[in-house]
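Numbering (this note's numbering), first residue to last: 389 to 1019.
What follows is the structure in structure tokens.
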């Protein structure tokens, strides 16, 4: 039996149909991502399944007795409690077992006897069966991992990020069998995300989540569900496989919609020519027009996020940072930072939460003064700053009015100008949504609107602080395409490793206590350097161990220039092995796309496709590594 069975689920908000008639099942061990454009109902579906929101039609059921946990995108915690009080008052299965044990201990201490001893033994057995003896140890470990050290603080004094981390720690602490997560990586730094990624990939649980983090999705999930135009499409495999198959299905749907559109046009012409008296004889043909309209409507999925604004040319001087210092009390964030931006500089910034990343952005933009040193901007620099916390909108303000406040027209890269309304359409705000009140928009839509207001000023020096939060995968892909072609300087703080790898040439790594390391290359190169860095020698390490190996009288080993015999043989084997894996992958993908496989086989073959993709990547990396030394 499935851990979760969903049948013909439907949900609307006012006149908007989010989804209708969707059905799917999740088996034990499934790790599934739910994807859709913003505003389609991803979070709504998760809240329905978690019991936090009602549905309009259909039904769903979890396997009886399954232990369920849910992390909302914006967790609602009891603000008047301390962290200790929140943990102690949580009526989780672990807490109930622990409280029963403490009650039995107190009873036996107050009135020792056969009856109280029996209750104590039963309570001890309950602790054994539930594994609750190490609950406190695991609690301390998780809170420390998520950097929650002072548990006497009231919840209402925590930042949004701290609340999210606390809620995530409490969810994981109870070791659920079925876990529902809505954007779990928001407000986590990269180290935390990588720990969570590894934990979820290895944990023996069933997972349903919404995430925009593509590395996270690719490495954790073995199946993807897409909400699209009210329906649900299922893709076995990882994110790469999803993109490939989605593109194929979209091409098929688009071709069908084009044919339906042409046929609809001919049928409407026939209908207009037909005498009124013959209408009754052609009822079936008229009814068929309704179906053609539905098919033809699929031809347009909404405007893509295409941002091709005009960027002013920069002069010789861009932005110079000289001996910059910043501290809050005894916490030093920046110490003597000096850097000169070059034309087209693409800088990524990573580091732990609270290490000073956003503070540096505020200093660069002039939003905050330094304690020492200076930031000197050239006269031609036009700065655009996208804030992590977004903008504060006027009560009742409409989307179109918020844009017109900045500019009535927008100059594009090709020299043309378009109206604010036309530019909104490029940001996937169709005319009927431009007159919505901003407070009615989803979180992702508000972030998109904030980004639009930054770009409408045509900056040539762009600062983005966590721009990926709450944006859907499709908006992210097109935003990346724009930023890849952006000719100005880009400074980017993000926990999205895929985003950093695709866009940044080098990284500022905040190492703590004001130290910033400039690492050349994208995030993946930095991460690899961290895993291969030699550890600091211990106290008993001899000088001989610290010296590089030698090939003779003090001569260092020369750099590798050719392959050994064994490596040559390995290189020869790799190419046919890769071809065999590729052939097996293609065969399995054809079977998965056929629609003829039962679910049990579908699941197993999808897992095998994921294994093959990883194996091909590993062998390709090794083949390329050896290939550079082939004579």
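The C-beta atom is built at its ideal place from N, Cα and C for all residues, glycine as well.
When we look at the beta-carbon of residue i and count the other beta-carbons within 10 Å, is it buried (16 or more) or exposed?
i	result
residue 429	buried
residue 908	exposed
residue 517	exposed
residue 577	buried
residue 780	exposed
residue 885	buried
residue 406	buried
residue 838	buried
residue 882	buried
residue 872	exposed
residue 667	Residue placement at residue 667 is poorly supported in this model, since its pLDDT is 49, which falls under 50; the coordinates are not used for a value here.
residue 707	buried
residue 732	exposed
residue 917	exposed
residue 876	buried
residue 719	exposed
residue 540	exposed
residue 848	buried
residue 435	buried
residue 503	exposed
Rounded to whole angstroms, what's the CA-CA distance from residue i to residue j? Just pull it up for me.
i	j	result
residue 910	residue 515	48 Å
residue 591	residue 699	48 Å
residue 758	residue 711	10 Å
residue 611	residue 804	44 Å
residue 782	residue 581	34 Å
residue 854	residue 493	50 Å
residue 799	residue 846	8 Å
residue 402	residue 444	12 Å
residue 459	residue 960	49 Å
residue 974	residue 992	15 Å
residue 467	residue 558	15 Å
residue 599	residue 627	11 Å
residue 741	residue 900	10 Å
residue 793	residue 832	21 Å
residue 841	residue 701	20 Å
residue 392	residue 404	26 Å
residue 606	residue 623	13 Å
residue 498	residue 491	11 Å
residue 752	residue 957	54 Å
residue 475	residue 814	46 Å
residue 1007	residue 802	44 Å
residue 786	residue 762	39 Å
residue 754	residue 724	17 Å
residue 736	residue 770	19 Å
Just to confirm, is the Cβ distance from residue i to residue j under 8 Å?
i	j	result
residue 835	residue 860	no
residue 856	residue 864	yes
residue 553	residue 536	yes
residue 398	residue 453	no
residue 963	residue 1011	yes
residue 734	residue 891	yes
residue 410	residue 619	yes
residue 548	residue 575	yes
residue 822	residue 809	yes
residue 744	residue 898	yes
residue 795	residue 844	yes
residue 766	residue 713	no
residue 390	residue 464	no
residue 997	residue 895	no
Can you check which of these residues, the options, is closest to residue i by C-alpha distance?
i	options	result
residue 1020	1007, 629, 879, 903	This structure cannot settle anything about residue 1020, because the visible part of the chain is limited to 389 through 1019.
residue 426	830, 972, 875	830
residue 952	873, 772, 994, 1014	1014
residue 593	420, 822, 790, 807	420
residue 486	579, 521, 567	521
residue 790	461, 812, 620	812
residue 538	472, 796, 491, 555	472
residue 415	565, 438, 512	565
residue 777	897, 496, 746, 770	746
residue 1005	977, 979, 965	965
residue 636	423, 978, 726	978
residue 595	867, 417, 874	417
residue 968	989, 843, 1001	1001
Using beta carbons (cut-off 8 Å, strictly below), is residue i in contact with chain B?
i	result
residue 484	The question asks about chain B, but that chain is absent: this structure has only one protein chain.
4 or more residues per run - each alpha helix (DSSP H) lying fully within the region 869-896
885-891
Going along the chain, which unbroken runs of the alpha helix (DSSP H) with 4 or more residues stay wholly within the region 491-558?
502-518, 523-533
Segments of 4+ residues assigned as alpha helix (DSSP H) that fall wholly inside the region 799-874
808-814, 831-843, 861-872
Ignoring anything shorter than 3 residues, give me the beta strand (DSSP E) runs that lie fully in the region 601-632, in order along the chain.
611-616, 619-624
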